Structures are given as C-alpha cells and as structure tokens.
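Residue numbers (full-length UniProt numbering): 1 to 650. Have a look at the structure below, then the notes.
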Amino acid sequence: LSAPSSGSTEIDVDDGKDLDIFDINEEAGLDLVEGDLMISEAEGWNTIIGDQYRWPNTVPYYLEDSLEINAKGVILQAFEQYRLKTCIDFKPWSGETNYISVFKGSGCYSSVGNRQVGKQALSIGTNCDRLGTVEHEFLHALGFWHEQSRADRDDYVKIVWDNITPGKEHNFNMYDDTLSSSLGVSYDYGSVMHYSKTAFRDGSDSTIVTKIPEFSDVIGQRMEFSENDLLKLNRLYNCTRSSTFLDSCSFEQPDICGMIQGEEANSAWQRVRSVPAGPNTDYTNMGKCEGSGYFMHFSTATGNHGDKAYLESRILYPRRGSQCLQFYLYHSGGATDLLSVWVREYDQQNPKGILRLIKKISDGPKDSWELYHVTLDVSKKFRLVFEGVKGTGGSTGGLSLDDINMSETQCPHHTWRIRNFSNLLATTAPGTKIYSPPFLSPDGYSFQVGLYVNGKSSSPDSMAIYVHLTSGPRDDELKWPCPWRQATMALMDQNPHIQKRMNNQRMVTTDPGKTTSDGTEYYWDDPRKVGSWVTDSDGNSYYRGPGYGTSSFLTHSRLKSRDFIKGDDIIFLLTLEDVSSLLETQPVPSSLSPGDTMATSMATVAVYVCVGAVLFLVLAVGVAYYGRKRFRRGDREDSLTELEVTAECK
Ligand SMILES: [Zn+2]
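This is the structure in structure tokens:
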C-alpha cells in the first residue's frame, strides 16, 4: 500500500461495493423512515396533504458549504435533467420563505413534499453524489414516496418479511389509496424511487420479489428518471413544457415534426427508409420495425455540382442563448459533398429571417451512422437549417439525417464510440481494461477513460470505469496538481428522444490536495511525474496518471436494457470541466444580510424566522381550515390534492 502511483493505480470511489441509498444510510447509522425519509412527528404525519405540500414550479435552493465539490456539480447536473424533462426549475435562494438547503449530512435523505418550514434540509452525504440518487432525493422533496409503498404494490411485488433485517420492517410501509395517489400511472418497476431486491435484507436472499420475474433486476435502478417518474411529476405539477427542451425528430411521422424545405433550394431532402448506396436502414429503429424506420436523405447521386437542399425546423424560441444540437449523419455521397448547419434568425429588422452559418461538416467517417454534437448560441427566435450541397466528385449516395434533438443544455465535449460491442463482451476477460483515446479538455488537460467491459476480477457482473489524466501538448502551461476538474462519464441511452433517455453517468472531481496512499505524491499531479509511460493500441505513446472511478458503474443486466447497445455499438459522452467556481460560498440573499457583522445578519435572520413562523402559522391555519372545508364539500378541484398524504406513524 505504500507504493507511489502509476498509470495502473486506481481508486474506487465506491470501495468495490454497489452502494444504494439505503446501504449508505445504514453504514452511517441512520434509522430514518423508509431508509431515507426525514419526517418527524412534530411535522405531523397525519395532516391533510394537498397543494400546500407542493413547491412552486421554480424551487429555491441553497448549496451549503459542507457539500463536497463533486456533489455540488452532480446536484447542478440533476437540476439540468429536471429542466430538460419536466417543468420544474431551480433557482438560487433569494429570500423566499421556503427553500431547500442541501448539505452534507451522514447519508442521503429528504423530507417528503414542501413542509413549509422555511429552511428545509436535504442531505447529499458521502457516496450520495450520483445523478440518480440526487434525482431520487429531490423527488421526495417534491412530494413523492417510494414506488413500492403504493397502495397497489402487493399486486406487483411480494415483500419477503422473513428476509428483512429484524427491526427494519417499517421500511416497507404501504400507504392506502386514501392517503397516497399514483396519479393514474401504473406500477413502475423501473422507477428511480423503487427499492432494489436487496434493500434491508438480512443475509443474501431478496426482500422484494417481483411478481413478473423479468423485473427482478430492473427494480432499484438509480440511472435516471423513468418515463413514469416523469409522467407523475409532470402531472403533479401541471407541467406543460420544460424550460430547456426545444425539439426532437426521428422522422417517423410524415409531418416530419413540422420541418420544411427551404425555398432557396434547387434540390430537396426526401423522407425514405433506405438508400441503395447506404444507409440500408434508419437509425431510430435500425430497420427492425415493419412499416416504420424513416430518415431524411439528400441525394447527390444525380444533379449538378452546387445543388442545394435545405431542411428547416419549425420556428423555435430559445430562452437561454446557448443550445446543443445532436443528430446522426450517414455520409454515402461524394468526397466533397457538404453538410452545413445554419440558423435562420428573426428580428424586427429581418422579419423573413437571416441565415448565419454555425458549422460545416465535411470530413467525418463515411458509410456509417455517426453521432454529431453542435453547440449553438442563438438568443432570437429561429429555425435550425440543415443545408446539403453536392460537391464536385462522383457520388452514388448522399447525405442522410436521423434522430435530431435540440435542447438548451451543454453539449458533451467528447464522444467515445465502441463498435462491435457484443464481440468485445464475449471475448474480454474480467479484469481486462480498455482505454479511450486521450481527449483534451477546453482548458488543455489531457485525459482518457479506462473501461472494464466485463468488470474487475472482484466484480465481474458490472462494468467498471475510471478517468485518468494523461500527458498532453499543454502540460507545461497547466496548473498541477490539476485543481477541481469534474469528469462526467456517461453511457448514452440511444433512445431517439432526448427526454426519454436514461443515460448512466458518474462524475468525479480532481482534488488538488489529494495524496497517494503513501503520502509522497499528489494524486492529480502531472502525469509525467505520477504516471507511467504507455503505448496505446493506436501506437501513440504518452504518460498515464492514476485512475479514479468506480467498479460498479453499470451491471450487465442493465447494460443490456434500454438502448445502451444499439447497432452493436455503445457510446460514451465525456466531459472534463472546471468546477472551481463551486468552491465559493453561495451568496446569502442580500435582504437577509444587510450588515457586515455576523451578529447583525444573525439577528436579521432571527427576525425573519420569527416573522416567517408567524406568517406560516397564519397560513397553515388558513390552509387547514380551507382544506377541511373543501374536503367536507367534496369538491376537489383536481385529483392532485390527493397525492401526498400521510400514513400512520409507527
Ligand atoms: Zn428514498
């Protein structure tokens, strides 16, 4: 244990275990309701649940200084998923009466719903810094119980009481349908709110057996919101639109999502199912669905040099001023055929719009569907324009487009596509690591990821993944040890619609103060100093620093679910970005800290708390009275008032 580091050193942030929320909390010695719910009797289990337990659609938050830097980054990423897939948004607390204070407690836990207590705590402790875990805790805060506590759960799962650790039985509470609403959504084995089969077990036998055996390994996923999680959340909060999603099109419907052919063109894009020179199938369905499987094709097999076709989106209304466009392109045309991405921007001076070039794509791989990301910076209403131009050389095919998605999110910096993946799975021994090519972060750090497709020898059922810094062209200008760079390693769910994707991702952050096990070196120091000289399969040589990641990235059974493997390929989305700004304390609302001294601001806070408490009491009495009256009359305004409920306190 006292050796200096090398390129083969690894630190497993999960310590070789696949830790779920309940394992983490148990190790921390917590005994909360249902494992991660913080509900005190004082808060009143049995109050009428209704609108008052809902948050406004934009939830104020405060990230406490106690949080790990990596956790802060993960929380902000989770907020981005809420923004992309629901109408829930989050904003830094600016003095609102009620807000969520996220801190590092001993474990991962939350209250259920808006408890109207002013500062409402939500803990993201050690090992809770995973996207699915953070989404899970915030779903509690937004008003959701665990999926297996639904009133109809006994129709879908069997709780094996004999296998539960004695004294932990209360974690399998169930709420009857006068107390808890499932919002008209059927039981969801794939919910991010469902326990796994191992939750609170005593020994090695399952505590939850799914009535349909196929779902035995589905329950307990912590990748992302399931479609039903989103449906319920969107119903509870009357969502009609998300704040960052703009458009998605797989060209399966003849209306092609409202896209049009540009008027300036002398050629056109065709909606087709195959092209003789390729592709043979679309990307959405890979030709597997009868009567479907369309894509858009611009043929360059005929016509003249310079012929153009424009495929234009419907008019889109950006809010953020920065977008990520993602699409698949199949190039089977001539060597100089060109695809350009433009935007047509509209304003008062240009009511018919004015074109602005974003990117030309001419040198990508040919004869396969390739994934592209393009960053846009549009802040006016606009159309997205795909321009195909026929080049000078001969061609038998052309350019094809499929599975377009546009959102106001950040594009991943790099993609790593592994082809013929089933062969790799079949022939790679556990404990064997393959490496991505080295990539460069925007600020010049070179890095790569190492992947055990069949796991480490100690955990062969699960893919393991580690990020390594590598020596690169700008090492002499960079700061060492590498300070606060967060690596995102996401395995892409290749569902054609970005809002339905359940990517599996892990994030880790470089702490410049971290030392190697023998204390003689900094873990994230210059790879030329702490790494090993390696030559990769492409014949390139460089220094590889030690790795940091997890041996429980994704189980093989989950890997084979969803669209992680599509066309026999998997795609990793990789980013290494500077998160050092997260070291700074989140500002406290200025109205709450008018003075410079601690005493003044403390006193002010105290006053606010008192005023808040009085207001809350008045409000609570009023709401309770109104709620009771309304229930007596039986004129529920909407079914949502049923949700959130309470249960007997055990
Ligand atoms: Zn929970």
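Where a beta carbon is used, it is the ideal one built from N, C-alpha and C, also for glycine. Just so we're clear, the structure is a prediction, and the values are computed from it rather than from any experiment.
Annotation for D217: S557 place their beta carbon closer than 6 Å to its own, counting only its chain and skipping 5 residues before and after. Shortest Cα-Cα distance from E263 to any of K352, F138 and D569 involves K352.
Counting C-beta atoms within 10 angstroms of its own C-beta, P213 has fewer than 16 neighbours from the protein chains shown and is therefore classed as exposed.
The alpha carbon of G531 has as its nearest neighbour, out of S313, L246, Q448 and D155, the alpha carbon of Q448. Pairing G539 with H297, the inter-Cα distance amounts to about 37 Å. For H194, the shortest separation between its Cβ and any heavy atom of ligand 1 does not lie below 7 Å.
The closest CA to that of F215, considering only K119, S561 and D202, is found on S561. When C-alpha distances from D12 are compared across N127, N405 and D578, the shortest belongs to N127. Just so you know, the alpha carbons of E135 and A309 end up roughly 43 Å apart. Between ligand 1 and the CB of G334, the shortest heavy atom gap is not smaller than 7 Å. Counted as a single uninterrupted DSSP element, the stretch harbouring K479 is not any beta strand (DSSP E), since DSSP gives it neither H nor E.
Under the three-state reduction of DSSP, P473 is assigned to coil, being neither helix nor strand.
Take the alpha-carbon of Y346 and the one of F295: they are about 28 Å apart. In this structure, W369 is the residue among V534, C257, W369 and Q221 with its C-alpha nearest to the C-alpha of M286.
For H170, the shortest C-beta to heavy atom distance toward ligand 1 is 7 Å or greater.
Within the chosen limit of 7 Å, ligand 1 reaches the beta carbon of I21 through at least one heavy atom.
The distance from the Cβ of I208 to that of C108 is about 19 Å, inconsistent with a contact at the 8 Å cut-off.
Of the residues P430, D563, G333 and Q261, the one whose Cα lies closest to the Cα of N504 is D563. The beta carbon of G190 sits no closer than 7 Å to any heavy atom of ligand 1. The DSSP assignment places no complete alpha helix (DSSP H) segment of no fewer than 4 residues inside the stretch 230-312. Checking the 7 Å criterion, the Cβ of D31 is out of range of every heavy atom belonging to ligand 1.
Between Y189 and A268, the alpha-carbon positions lie close to 45 Å from each other.
Only buried fits G547, as 16 or more other CB atoms lie within 10 angstroms of its CB. Ligand 1 approaches L37 closely enough that one of its heavy atoms is under 7 Å from the residue's Cβ. Annotation for Q486: the continuous beta strand (DSSP E) segment containing it runs R485 to L491. C-alpha of R271 to C-alpha of L311: approximately 11 Å in a straight line. Distance from W524 to L469 at the Cβ level is roughly 7 Å; contact confirmed, criterion being Cβ atoms closer than 8 Å.
Counting along the chain, H413 sits inside no alpha helix (DSSP H), nor does DSSP assign it H or E at all.
Between the beta-carbon of L371 and that of T415 there is about 6 Å, and that keeps the pair under the 8 Å contact cut. For the pair of segments examined, the stretch 73-93 was found not to touch the stretch 143-157: the number of CB pairs separated by less than 8 Å stays below three.
R383 carries a strand assignment under DSSP once its states are collapsed to helix, strand and coil. In the DSSP annotation of this structure, E80 is not part of any beta strand (DSSP E); the continuous alpha helix (DSSP H) holding it starts and ends at I69 to K85.
Taking C-beta atoms under 8 Å as the contact rule, H140 and L236 fail to qualify, at a distance of about 13 Å. Inter-segment contact for the stretch 246-254 and the stretch 399-408 is present: three or more beta-carbon pairs are separated by less than 8 Å. Look at G450 here: in three-state DSSP terms it is strand.
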